[in-house]
Amino acid sequence: MKFNQKNAQIGENVKLGLNVRIGDNTAIYDNVITDDNTIICNDCVLGEPSNKYYYDNNYINPTTLIGKNSLIRSHCIIYSGSTYGDNLITGHRATIRENMKVGSDCLLSTLVDIQGNGNIGNYTRIYSSVHICEFSTIGNFVFIYPYTIFTNDRRPPSNIYQGPKIGDYSIIAVHCSILPSVDIGKNCLIGANSVVNKNVKDFSFIAGSPAKFISDIRDIKSFEHEGSQYPWMNNFKRGMPWEKSIYDEWLNNSDKQ
Amino acid sequence: MKFNQKNAQIGENVKLGLNVRIGDNTAIYDNVITDDNTIICNDCVLGEPSNKYYYDNNYINPTTLIGKNSLIRSHCIIYSGSTYGDNLITGHRATIRENMKVGSDCLLSTLVDIQGNGNIGNYTRIYSSVHICEFSTIGNFVFIYPYTIFTNDRRPPSNIYQGPKIGDYSIIAVHCSILPSVDIGKNCLIGANSVVNKNVKDFSFIAGSPAKFISDIRDIKSFEHEGSQYPWMNNFKRGMPWEKSIYDEWLNNSDKQ
Amino acid sequence: MKFNQKNAQIGENVKLGLNVRIGDNTAIYDNVITDDNTIICNDCVLGEPSNKYYYDNNYINPTTLIGKNSLIRSHCIIYSGSTYGDNLITGHRATIRENMKVGSDCLLSTLVDIQGNGNIGNYTRIYSSVHICEFSTIGNFVFIYPYTIFTNDRRPPSNIYQGPKIGDYSIIAVHCSILPSVDIGKNCLIGANSVVNKNVKDFSFIAGSPAKFISDIRDIKSFEHEGSQYPWMNNFKRGMPWEKSIYDEWLNNSDKQ
Numbered sequence: 000m001k002f003n004q005k006n007a008q009i010g011e012n013v014k015l016g017l018n019v020r021i022g023d024n025t026a027i028y029d030n031v032i033t034d035d036n037t038i039i040c041n042d043c044v045l046g047e048p049s050n051k052y053y054y055d056n057n058y059i060n061p062t063t064l065i066g067k068n069s070l071i072r073s074h075c076i077i078y079s080g081s082t083y084g085d086n087l088i089t090g091h092r093a094t095i096r097e098n099m100k101v102g103s104d105c106l107l108s109t110l111v112d113i114q115g116n117g118n119i120g121n122y123t124r125i126y127s128s129v130h131i132c133e134f135s136t137i138g139n140f141v142f143i144y145p146y147t148i149f150t151n152d153r154r155p156p157s158n159i160y161q162g163p164k165i166g167d168y169s170i171i172a173v174h175c176s177i178l179p180s181v182d183i184g185k186n187c188l189i190g191a192n193s194v195v196n197k198n199v200k201d202f203s204f205i206a207g208s209p210a211k212f213i214s215d216i217r218d219i220k221s222f223e224h225e226g227s228q229y230p231w232m233n234n235f236k237r238g239m240p241w242e243k244s245i246y247d248e249w250l251n252n253s254d255k256q
Numbered sequence: 000m001k002f003n004q005k006n007a008q009i010g011e012n013v014k015l016g017l018n019v020r021i022g023d024n025t026a027i028y029d030n031v032i033t034d035d036n037t038i039i040c041n042d043c044v045l046g047e048p049s050n051k052y053y054y055d056n057n058y059i060n061p062t063t064l065i066g067k068n069s070l071i072r073s074h075c076i077i078y079s080g081s082t083y084g085d086n087l088i089t090g091h092r093a094t095i096r097e098n099m100k101v102g103s104d105c106l107l108s109t110l111v112d113i114q115g116n117g118n119i120g121n122y123t124r125i126y127s128s129v130h131i132c133e134f135s136t137i138g139n140f141v142f143i144y145p146y147t148i149f150t151n152d153r154r155p156p157s158n159i160y161q162g163p164k165i166g167d168y169s170i171i172a173v174h175c176s177i178l179p180s181v182d183i184g185k186n187c188l189i190g191a192n193s194v195v196n197k198n199v200k201d202f203s204f205i206a207g208s209p210a211k212f213i214s215d216i217r218d219i220k221s222f223e224h225e226g227s228q229y230p231w232m233n234n235f236k237r238g239m240p241w242e243k244s245i246y247d248e249w250l251n252n253s254d255k256q
Numbered sequence: 000m001k002f003n004q005k006n007a008q009i010g011e012n013v014k015l016g017l018n019v020r021i022g023d024n025t026a027i028y029d030n031v032i033t034d035d036n037t038i039i040c041n042d043c044v045l046g047e048p049s050n051k052y053y054y055d056n057n058y059i060n061p062t063t064l065i066g067k068n069s070l071i072r073s074h075c076i077i078y079s080g081s082t083y084g085d086n087l088i089t090g091h092r093a094t095i096r097e098n099m100k101v102g103s104d105c106l107l108s109t110l111v112d113i114q115g116n117g118n119i120g121n122y123t124r125i126y127s128s129v130h131i132c133e134f135s136t137i138g139n140f141v142f143i144y145p146y147t148i149f150t151n152d153r154r155p156p157s158n159i160y161q162g163p164k165i166g167d168y169s170i171i172a173v174h175c176s177i178l179p180s181v182d183i184g185k186n187c188l189i190g191a192n193s194v195v196n197k198n199v200k201d202f203s204f205i206a207g208s209p210a211k212f213i214s215d216i217r218d219i220k221s222f223e224h225e226g227s228q229y230p231w232m233n234n235f236k237r238g239m240p241w242e243k244s245i246y247d248e249w250l251n252n253s254d255k256q
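Chains as they are written, first to last, in numbering that gives the first Met the number 0: chain V, 0 to 256; chain P, 0 to 256; chain Z, 0 to 256.
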């Protein structure tokens, strides 16, 4: 049953790298480019066109770039006009709209709903059913937990859209609402079910509705060892570029920061 | 790749208007009627039957009516027994159950979960992942933002179901819970993450859990110009019937109000 | 259009009981066993393999067991390596990962996202878009309402995962966040939009963020009759094993408690 491409459809000017595998019932629209060793599972759509495709016979589908060694799980819909770095992993039924620039080594999990026209850095993990509105900017090594929502319209419905901005290493727990144009700094922690309506300074732990400052994240005790859990990079390595060393060493030897 | 109807299935007594287009892998069950120029994208199900279909050989699928000039995006499941007005637009993966009466010019966005047995007016927009319970009544020109939930059982689990009722022009922000039988008036604004457990008077801005009165909506400043943003109809026109005039003129010339 | 198995795919060592019906476009992977009279609708995936399937040519798909008289609605993804009791009903687009042990007579509704490695008892109903994290334990006769989330990481991201535990007969309303390792007792009621960060004693009604004790559930008035609504088993019978008698009689005559 593996990669028979039964009932698959592949458009024009699709370029598949070496050892790219395509599942059953998957549709790849025009101008999709996928780098080597990427797996596209069953029932996916890559390069989904915008509305104009249906109404304009001269429509040209924008280019979609997907990096190497990626795993697109089944039933994802990925619009055209975006760039994804290497080692992307998606959950099932992710829906990702146009004009996204997504870095390398990201996780976009089950049922994420990413509305397009935004940026996501490297090594960022967006978990189940997170909704990212248009014009959002998300840094590197950010974790966004299930059912959190980003919003971009301060006076809905209006004509001004300003998405949130999330700094590197920040963690947003489940069921949060991040209000329009909010700027969350680096190394922040946002507690579950918070409504964030103001900018948040680096290293802040905030929670509540509206969210208020609780403490510096460096004052939050670890359950795994003596001392603080945050910044989390010294405590958590799985899938991170410092997986085989320690964070500080990696940082000193890298130009990624 | 456009509208080859590859692997499509069309049941009995299906009536498609002029220039209706059907995507690949789409299933249209018995007794679906679709008016002219409607587009049904790939991987959709129209006229999904109730459970009885599977157990009763005499099951007759109720009629489903879809208006003209509609766009049903891919992977939607629309049950039989409902009526949709003209110019319907859906997002991907909408799931809409039986016995809905939906007006014209509505948006039912990505992953909405509409449980059936309800009413939605004209020009109403229901955004991503909104959950509308059975027996809900939603007026005209209503905006419901992502992940808001309507509920209908005050003592769960019980045997009494009373859905909420939302008046014309009201706006419900993200992540709200609208509790059973609540009656939200016209021109209300419900803040993000609110739990609405009481009726709400016309022109109220409420927020919190439980939601409390904050101000009259007419006291909320616009970010786009001097004066108030609300009622929003003088400030927002996109897709509205007053798009090419102004709201007050449209209102005076229409019988829609 | 019923059960033509058009474009269906069935793997090796799949055992289907008497009168099991398989819909169109459905994929059943290796080593799935389905008992008699179960209906698997269109566009489902049963026995979805783990990641290793894609990378390891020696991968053997774990056995998946689905009980009799079940109805798997369309577009579900059910991973391999789990056991489901009889009379399972799913909604559309449920996603259920590996190593679940699910009892009999359960409802897993539309868009549930169950992350695997957990237990669910008998007669438990999990409604739309509920997210159950790994290592969760859910008892018998539990109702979990839409968009509630279970979490398992107290210091995200960390290396310790402890899911919540929910006792028999407990009810969790919409939009709740159940925090890691929380133990909710039997016969509890959790109000809408609550954040539960502490253990909850039997018969407690709690609500808020963080949730606080409001009352004993036996003090909550019914809207259907004189006296209390809770415990709910004397007031609600639909689909329950005491549907044709009364709860106390059933309890005395059963060994299920």
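Where is the CB? At the ideal position from N, CA and C, for every residue including glycine.
Everything numeric in this text was worked out from a predicted model, so none of it was measured.
Q: May I ask you to report which of helix, strand or coil DSSP gives R124(P)?
A: strand
Q | Contact list for the region 209 to 231 of chain P against chain V, Cβ threshold 9 Å | A | I219, K220, S221, F222, E223, Q228, Y229 and W231
Q | Contacts around S103(P), its chain only, beta-carbon distance under 8 Å, and the 5 residues preceding and following it disregarded | A | G66, G84, D85, N86, L87, N121 and Y122
**Q.** Spatially closest choice to S157(P) from G46(Z), M239(Z) and V111(Z), by CA coordinates
**A.** M239(Z)
Q: Decide if G80(Z) is buried, meaning its Cβ has at least 16 other Cβ atoms within 10 Å, or exposed.
A: buried
Q: Starting from L258(Z), trace the beta strand (DSSP E) both ways and give me its first and last residue.
A: Outside the displayed range of chain Z (0 to 256) lies residue 258(Z), so it cannot be described from this structure.
Q. Can you tell which of N116(P), F140(P) and L70(P) has its C-alpha closest to the C-alpha of N36(P)?
A. L70(P)
Q.
Using 8 Å as the cut-off, can you tell me whether the region 225 to 236 of chain P makes contact with the region 147 to 165 of chain V, which would need three or more C-beta pairs spanning the two stretches below that distance?
A. yes
Q: Would you mind reading off the limits of the alpha helix (DSSP H) that contains L250(V)?
A: Y246 to N252
Q: Consider the Cβ of Q256(Z): report whether some Cβ of chain V lies at a distance smaller than 8 Å.
A: Annotation note: pLDDT 47 at Q256(Z) (below 50); position unreliable, coordinate value reported separately. It does not; no Cβ of chain V falls within 8 Å.
(Q) Buried or exposed, going by whether 16 or more other CB atoms sit within 10 Å of the CB of F212(P)? (A) exposed
Q | Supposed close pair Y78(V), I59(V) - CB separation, criterion 8 Å | A | In fact, because the Cβ distance is near 14 Å, the residues do not count as touching under 8 Å.
Q | Coarse secondary structure for Q256(Z), derived from DSSP in three states | A | The predicted position of Q256(Z) is uncertain, since its pLDDT is 47 and thus under 50; no value can be drawn from it.
Q | Element boundaries [alpha helix (DSSP H), containing Y53(P)] | A | K51 to Y54
Q: Please name the residues in the region 164 to 189 of chain Z whose beta-carbon is closer than 8 Å to at least one beta-carbon of chain V, in chain order.
A: H174, S176 and L178
Q. How many Å lie between Q256(P) and N233(P) at the Cα?
A. Residue placement at Q256(P) is flagged as unreliable, the pLDDT there being 47, under the threshold of 50; the coordinate-derived value follows with that caveat. Their Cα atoms are separated by approximately 15 Å.
Q. Interface residues of chain V around Y144(Z) at Cβ under 7 Å?
A. Residues of chain V passing the Cβ test: none, with the nearest at roughly 14 Å.
Q) Contact check, C187(V) vs D167(V) under 8 Å by CB: the rounded distance? A) Not confirmed; about 10 Å, so no contact.
**Q.** Host beta strand (DSSP E) of F212(V) (start-end)
**A.** A210 to D215
Q. Short check: CB of I38(V) to CB of Y53(Z), under 8 Å?
A. yes
Q | Three-state secondary structure assigned by DSSP to M239(V) | A | coil
**Q.** Proximity below 8 Å, CB of I177(P) to CB of T147(P)
**A.** yes
Q: Could you work out which residues of chain V lie near D23(P), taking near to mean beta carbons separated by less than 8 Å?
A: Q8 and A26
Q.
Once the 5 residues before and after L106(P) are set aside, which same chain residues still bring their CB inside 6 Å of it?
A. I88 and R124
Q. Counting only beta-carbon atoms, is L45(V) nearer than 8 Å to chain Z?
A. no
(Q) Applying the 10 Å Cβ sphere with the 16-neighbour rule, what's the burial state of D247(Z)? (A) exposed
**Q.** chain Z contacts from the region 61 to 76 of chain P (Cβ-Cβ distance under 7 Å)
**A.** I76
**Q.** CB of N192(V) within 8 Å of CB of S208(Z), strictly
**A.** yes
Q. Going by beta carbon distance, what residues of the same chain come within less than 8 Å of K100(Z), once the five residues before and after it are set aside?
A. S81, T82, G117, N118 and I119
Q | Three-state secondary structure (DSSP) of N198(P) | A | coil
Q.
Rounding to the nearest angstrom, what Cα-Cα distance links I143(P) and Y126(P) in this structure?
A. 6 Å
Q | Exposure of H224(Z), with buried meaning 16 or more beta-carbon neighbours within 10 Å | A | exposed
Q) Excluding five sequence neighbours on each side, which residues of the same chain lie with their C-beta closer than 6 Å to the C-beta of S180(V)? A) Q161
Q) How about Y246(V): is its C-beta nearer than 8 Å to some C-beta of chain P? A) no
Q. Tell me which same chain residues have a C-beta within less than 7 Å of the C-beta of N68(V), skipping the five on either side of it?
A. N36, T37, D85 and N86
(Q) Using the three-state DSSP reduction, which class does N118(Z) fall into: helix, strand or coil? (A) strand
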